[in-house]
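Worksheet for the structure shown next.
Protein chains: 6
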Amino acid sequence: MRVLVVNPNTTASMTAQIRVAAEAAAGPGTVVDCVNPAMGPASIEGYYDEAFALPGLIEEMIAGERRGADAAVIACFDDTGLDAARTALTIPVVGICEAALAAAGMLATRISVVTTLARSIAPIEGLVRRYGFSERARVHAVDIPVLGLEEAGADDLLRGAVREAIAADHSDAVVLGCAGMARLGAELTAEFGMPVVDGVGAAVRFAEALAALGLSTSKVGAYATPLPKRYTGALAPFAPGARPLAAE
Amino acid sequence: MRVLVVNPNTTASMTAQIRVAAEAAAGPGTVVDCVNPAMGPASIEGYYDEAFALPGLIEEMIAGERRGADAAVIACFDDTGLDAARTALTIPVVGICEAALAAAGMLATRISVVTTLARSIAPIEGLVRRYGFSERARVHAVDIPVLGLEEAGADDLLRGAVREAIAADHSDAVVLGCAGMARLGAELTAEFGMPVVDGVGAAVRFAEALAALGLSTSKVGAYATPLPKRYTGALAPFAPGARPLAAE
Amino acid sequence: MRVLVVNPNTTASMTAQIRVAAEAAAGPGTVVDCVNPAMGPASIEGYYDEAFALPGLIEEMIAGERRGADAAVIACFDDTGLDAARTALTIPVVGICEAALAAAGMLATRISVVTTLARSIAPIEGLVRRYGFSERARVHAVDIPVLGLEEAGADDLLRGAVREAIAADHSDAVVLGCAGMARLGAELTAEFGMPVVDGVGAAVRFAEALAALGLSTSKVGAYATPLPKRYTGALAPFAPGARPLAAE
Amino acid sequence: MRVLVVNPNTTASMTAQIRVAAEAAAGPGTVVDCVNPAMGPASIEGYYDEAFALPGLIEEMIAGERRGADAAVIACFDDTGLDAARTALTIPVVGICEAALAAAGMLATRISVVTTLARSIAPIEGLVRRYGFSERARVHAVDIPVLGLEEAGADDLLRGAVREAIAADHSDAVVLGCAGMARLGAELTAEFGMPVVDGVGAAVRFAEALAALGLSTSKVGAYATPLPKRYTGALAPFAPGARPLAAE
Amino acid sequence: MRVLVVNPNTTASMTAQIRVAAEAAAGPGTVVDCVNPAMGPASIEGYYDEAFALPGLIEEMIAGERRGADAAVIACFDDTGLDAARTALTIPVVGICEAALAAAGMLATRISVVTTLARSIAPIEGLVRRYGFSERARVHAVDIPVLGLEEAGADDLLRGAVREAIAADHSDAVVLGCAGMARLGAELTAEFGMPVVDGVGAAVRFAEALAALGLSTSKVGAYATPLPKRYTGALAPFAPGARPLAAE
Amino acid sequence: MRVLVVNPNTTASMTAQIRVAAEAAAGPGTVVDCVNPAMGPASIEGYYDEAFALPGLIEEMIAGERRGADAAVIACFDDTGLDAARTALTIPVVGICEAALAAAGMLATRISVVTTLARSIAPIEGLVRRYGFSERARVHAVDIPVLGLEEAGADDLLRGAVREAIAADHSDAVVLGCAGMARLGAELTAEFGMPVVDGVGAAVRFAEALAALGLSTSKVGAYATPLPKRYTGALAPFAPGARPLAAE
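Residue numbers (my numbering), protein chains in the order written: chain G, 98 to 345; chain H, 98 to 345; chain U, 98 to 345; chain V, 98 to 345; chain E, 98 to 345; chain W, 98 to 345.
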């Protein structure tokens, strides 16, 4: 089994962290192919960055499938480009917000999501609604930029925000709302005495699961293969039916 | 990894079928411990049977955890006793309706669920709502009793019902709404050219995933360990804090 | 008119209290037949107890209908076994949570529900959603066990919790979230100057109403009479079509 | 017990029919005070008529409470003026759509509402949402004007529409969507073999129930007594705090 | 372009204020025809006043259309009589709550609505739901009567309430929940650094827009022209098909 | 007033059509600045094309604001990039799906949306939910590609699909679900006798309205100005805080 994990931002140190979390979570015998695009934003904080992460992300998704991936994970908590990736690929594609909520929902009844910046609350609330968790999950921000999560003191601020969120929501599970928090899942689970779910690990495992079950993305509805058509400008290589991308 | 799969009805031939599907889906090295209760209904068709399946189901769940299960699956599409089992156990517990909807939701946008009898539509619609799929899934019945699924002609009736449901719902994925349909998932996936998800396999894989991630059922909210108290009559052995059940 | 009221736990002193409330609420000429099962948990606090209350509860429901009940009430705020009871009986069956919310909804716009333990919040929120009150009702816990409601000081704690809930929710009605609080409805209505609804009384009156209107439980859908089938073990006597239960 | 029933249209023959249904449904010893306003539309078919039915309706509600009513019913399926009446009175006020849905919801899982004209579908769907039945009830029209319900052939058209609605909705209960259909409830219940609920009877019984329980309309929120203020023109007598209305 | 703006209460000084706001918002060349009924309540505070504002409001709406209006606005934040007015007129009719929410929803993600009295919260929450903003908007009250908005100190109380609402809701836009607050929109927008939307201006502009696009109220569904019928008493002149109202 | 209208696909003939519709709808004195990106897909049919339309679209949005636009419209019925554009600009930005639904919702109660290809149904249903129209609007496809709308016979196919949608939905308004259908709005409104809303015109007018009211996009929440950060590769020029884009 080969699982593609794409960090849709271009920060290699964050990709390295995500790789560690993904490999720790992956099943025996699974190869994790963890990459980030060469083009795009250094971090994804809100709708704007998300838009410009898409071309690089999709390119890496397509390239990863060509390298032989059996399933794929998008390792940004906005589930950036999830629908577009599903049209582009045939293998299952799982988002880390989607996976984290699904996992938490199987373990607890009320969920606190703690993300980085306040500007990400509304996009994540949109995902909470989309995945059917409106009545069970609330979204909070710790007010640290994505790339600030590794700085001294960040972990303590996150701990504090998690504690406040649990108290405010009377929740019995927490979801870490950024791929950059992946390394803290196990530690905080122990510390808070309830499931603290990291989406990277959950998505890797769920993606493996779908592939192992022989399932692939549906190609008869909204995720049908993109229709061949002319693309122009810098993005022309992405035109469906155009000459192949990365792998050549 | 050891995954407990409990068929909550008492029909051993159906348990055998479920075991085959569970073992086919389980990851390498996973032992499937597939059982059914000695007490309760021969099949679960509607709310009444569900009520009387609970004591035997919970007994088997507790016994299975004591035998060393790392995760558990309830193999009835009503997700019979899912909440009660979560309070009784510490390992993750996954329902097959829950898992099938989660899987289908990661592969497609609109889902047709096809179950056995019309009387099961309302209970399953309740689950569809609970799991957040109201806007994406519709429930249909093929009008075959659970124990009639193995009879001659049943597969063709099911095929017809799936075809009609896809047409009516403009769906791009199907969920098989009974554990007794598990053997047909792969075959119908090929035949209909879209994901046809069997919940038994999905639940086994998702339960494995949760356990592998080191997650367990939250014990601080609605799934907290049952409070010690007096139980009377035939069910006294089930009192929380009472002498152990089956295994002893 | 004969109204069956079943307290699904096995604590006779609580049944006695419920009987008083039910008789106080019943219409002129109505006989209240108030019982509790011989088997099952001494109180229902969360999903686990609920599961083990079901067989005893259903047995009493069936026996009560055979004794001539025209309508039935399930006197636990989890509306334990409501759907299963409806399949088993033909007379109308009303839950006290269901009745209390319906009553409060006819008298006010925003409703605070105050129950006993925090672990019951999620199950009751599930009922709030099911009955269509998600946008109007919030659920709170006073943090007293069900059987502690009669102890000294409990009433004052409950008063405090009601006061806080009204303030937090800006509510104009309160629902008492446990059958054991029934005796306090009238007193708290006067004290708080707004409807404080006890579900036992409301359910008795609404059950009477349905029977008086000549209505009975629908037998053509999800509440259809259970199909005859084999039940095994201690619960075999409950098999639909089996030899009669309690009354013989 | 004295129950006020106000038909908000001005057609005395329809009021007479409603009185028959209300008296048939009322409990022993209950006096039904059934009236209609002197001013307003002859029938209520859509939003416009509803608006002009309000002043006459409220006048009759206030007058009826002054005559000693213990509870009140608004006998139009649009639940015309329900909120305004609740601010004006202290006794409980029940709408027939509200009561019929509540009753049907205690007896069945899926509900077909059959009303008169297509223009009433949207207003009634608004009520279905308000009362929390969006997921359980669908609204249909038979395409007969309100005052045409008594003409030859109307009953057969209604029967046909009920039959079609049940088939389309896979429903297990029907609600008659007009006060003018009240006389048919029992007959159609027998004919269709499932609850066919008339709102007039249900509302009378539920209103009685609330009054008997000692409950009244909440006066601390949106139903608080109207603030004294100047009203001008023909409606000046309705000003809160003005000289009394009809009865004096 | 001629836009009719009806203040449904009878307070001329408030109408004058609304006229100023409407004219300030109207497009070049638009004539604002701003009136209030001669009959009805001096202010609309809750459901009761709303009911008695309807006949006068509808009369002015019809008269305004006869005077040549191309579009109409109902200038009360309860959107009093919006549906009835749409059946009575052919030109587009826009409510100020409806317009303010639509505008705010195009500029921001989370909306705080600040209205006058607590008793108006529930009616406005009903509108928030109706217009599809349940997940994005919260309603607050400043606790000043409608006609008290012009008194000394009222603006400061409103400012305080807006500040608290933004903090509580983490909102990025505010909607002023009373036509009497219209003059403060621009000032508070500057002061709070986020859109503070006045519904009067928004509704005037949106009504102009609909008329300019050549659109009118749909006459084939729930807004179909009222059916001719007999009205009696003081409201007889309003009978659809009766002799014309105001203009003659 | 200057309104920017960006067709996010690269087909100039479609931009020309949109310009005609936008200019026809614009208010007196409004200059319409209608453009399309140089880079990206020739048409937007589903999630994949949408992703690759974003960079070119955002570039044109930013360039248009720099040219002096007072408000902006995104002229694709998927409301492609709406949230990202709102973070990038300060002027109001309106999507044509958003505007069309808002307009139709002010004129009718039930809405049929008719789009081009079936693969666009799910994305548009996502918008219907987002804008709060789930209970009022249904989405249908005519099964013509976007660039096939101008071919012979396409209009008749569309007419047929509209007719079928109205019949299936019992709708009283139609929304044309593609910018390429804009020219047909008035004609079909006349033909079907109900509002047939074109989103291009509606969005131009609503965008004008917001700008005229002095409102701009909120910059304190999810639409806050993107944070300065490094972007790499072909998209580096889009980095917030980077050297200006197109206009230089």
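Using N, Cα and C, we set each Cβ at its ideal position, and we do this for glycine too. All values reported here derive from a predicted model rather than from experimental measurement.
Under the 10 Å beta carbon count, G250/E is surrounded by fewer than 16 other beta carbons and is classified as exposed. Counting C-beta atoms within 10 angstroms of its own C-beta, E248/V has fewer than 16 neighbours from the protein chains shown and is therefore classed as exposed. Identification of chain U residues near E195/V by a Cβ-Cβ cut-off of 7 Å yields M203, ordered along the chain. About 11 Å separates the beta carbons of A300/G and V129/G, which is beyond the 8 Å limit, so they are not a contact pair. Along the stretch 301–330 of chain U, going in chain order, the ones with a CB nearer than 8 Å to a CB of chain V are R302, F303, E305, A306, L307, A309, L310, G311, L312, S313, T314, S315, K316, V317, G318, A319 and Y320.
The straight-line gap separating the alpha-carbon atoms of R116/W and V170/W is approximately 11 Å. Think of a sphere of 8 Å around the beta carbon of A219/U: the chain G residues whose beta carbon falls inside it are T206 and R207, in chain order. Within chain W, the residues placing a beta-carbon under 7 Å from that of D180/G are Y144, ordered along the chain. Rounded to the nearest whole angstrom, the CA to CA distance from S140/V to T107/V is 7 Å.
For the options F303/H, R164/H and C173/H, the alpha carbon positioned closest to that of A123/H is the one of F303/H. Apart from sequence neighbours up to five positions away, the residues of its chain that approach G161/G with a beta-carbon distance below 8 Å are L101, V103, D130, V132 and A169, ordered along the chain. The C-alpha of P323/V is placed about 7 Å away from the C-alpha of D146/E. Non-local C-beta neighbours of M278/G in its own chain, meaning closer than 6 Å and more than five positions away in sequence, are absent. For L224/V, the closest C-alpha among the options I193/V, G245/V, A205/V and M203/V is that of I193/V. Around G137/U, the beta-carbon contacts reaching into chain H at under 7 Å are Y328, T329, G330 and L332. A buried status is given to S268/U, since no fewer than 16 other beta-carbon atoms sit within 10 Å of its beta-carbon. Across the set R327/E, T206/E and R233/E, the C-alpha of T206/E shows the shortest separation from the C-alpha of K316/W.
Interface annotation, T184/G: in contact with chain W, CB-CB separation under 7 Å. When the beta-carbon positions are compared, P337/U and P325/U come within less than 7 Å of each other. Residue pairing by DSSP places H237/G opposite V211/G in a beta bridge. Taking all protein chains in view, the Cβ of D240/V is surrounded by fewer than 16 other Cβ atoms within 10 Å, so the residue is classified as exposed. With fewer than 16 other beta carbons inside 10 angstroms of its own, R164/G counts as exposed.
The C-alpha of L310/E lies about 7 Å from the C-alpha of G298/W. Residue pairing of C275/H in beta bridges, as defined by DSSP: absent, with no partner found. Residue burial is scored here from C-beta neighbours: A135/W has fewer than 16 other C-beta atoms within 10 angstroms and is therefore classed as exposed.
At a Cβ-Cβ threshold of 7 Å, A200/U and V294/U count as neighbours.
Exclusion of the five residues before and after I221/W leaves F174, D175, C194, V210, T212, V236 and G274 as the residues of its chain whose Cβ lies within less than 8 Å of its Cβ. G137/H has its alpha-carbon roughly 12 Å from the corresponding atom of E157/H. Between the C-alpha atoms of A283/G and I188/H there is a straight-line separation of about 16 Å.
Under DSSP, the beta-bridge partners assigned to Y328/E are P138/V. Straight across, the Cα-Cα distance linking D252/U with D253/V is about 58 Å. Taking C-beta separations shorter than 6 Å and ignoring five residues to either side along the sequence, the partners of T184/V in its chain run Y320 and P323, following chain order. In the structure shown, C173/W adopts coil according to DSSP, grouped into three states.
Residue-level contact check: P292/E touches chain W, since one or more beta carbons of chain W fall below 7 Å from its beta carbon.
Looking at the backbone, the Cα of Y328/V and that of M111/E are separated by about 15 Å. Taking C-alpha positions only, A215/V is separated from V243/V by approximately 12 Å.
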